[in-house]
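Read left to right, the sequence shown gives residues 177 to 353 (this note's numbering). Glycine included, each C-beta is placed from N, C-alpha and C at the ideal position. The structure appears right after this line, and notes come after that.
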Amino acid sequence: MSITSLPRTSGRFAALSALDRSQRIRLGAAALIHLVALGTLFATEHEFFHLSLAGLTWIGLNLFFLSILRRPLMSAVLSLAMVLGLIALSLFKFEVTWMTVTFLDVLIVDSGTVRFLLKTFPNFRLTVIGGLIAAIPLAILVWRTDPFRVRRAHAALGGTACLALMGVMSLKVPEQP
């Protein structure tokens, strides 16, 4: 008996073998996005508690976007963009003021902050415009090619659980003034 004569749906990966080639490629793209995000989180966070919070934030962002869009690939892309944007903003603030971005800073990103950023780095405006021009067709492509759907109620329940767990963790180690 050769390997090719074995049934394709037996074993651990029966669900994966039921997917066609294009769906496996899309599933691999989603997995790659999650791996990039996890690698980024491991590169920027160094303690177990902070890694746990970053992981819960990543899961919560994904579930938030899933509850709105129902598309896993698109929610992973949007979550990755938000995480990378927040890391870039934190690095910028650290270089300028020797402080990192806190939760309050995220809430107060207003037009004055954006104006200051654009005055500090005048070429950054072109980078932002170019990034948006490139991101719009990419978002349309990701939206149209994502064959998977997630139930909104399941995503909302998972997001609520992540938020509750982050709240409990914040009671254990509150942010210092």
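- Here residue 210 has 252 as same chain residues with Cβ atoms under 7 Å from its own Cβ, once five neighbours each way along the sequence are excluded.
- In this structure, 259 is the residue among 259, 330, 315, 327 with its C-alpha nearest to the C-alpha of residue 230.
- Relative to residue 254, the option among 297, 328, 303, 316 whose CA is nearest is 316.
- Residue 272 and residue 220 have their C-alpha atoms some 18 Å from each other.
- Assigned with DSSP and collapsed to three states, residue 297 falls in coil, not helix or strand.
- In this structure, residue 320 keeps its C-beta atom at 8 Å or more from the C-beta atom of residue 246.
- By the CB criterion at 8 Å, residue 300 and residue 308 fall outside the cutoff.
- In terms of Cβ geometry, residue 323 and residue 197 do not form a close pair [threshold 8 Å].
- For residue 274, the secondary structure class from DSSP, reduced to helix, strand or coil, is coil.
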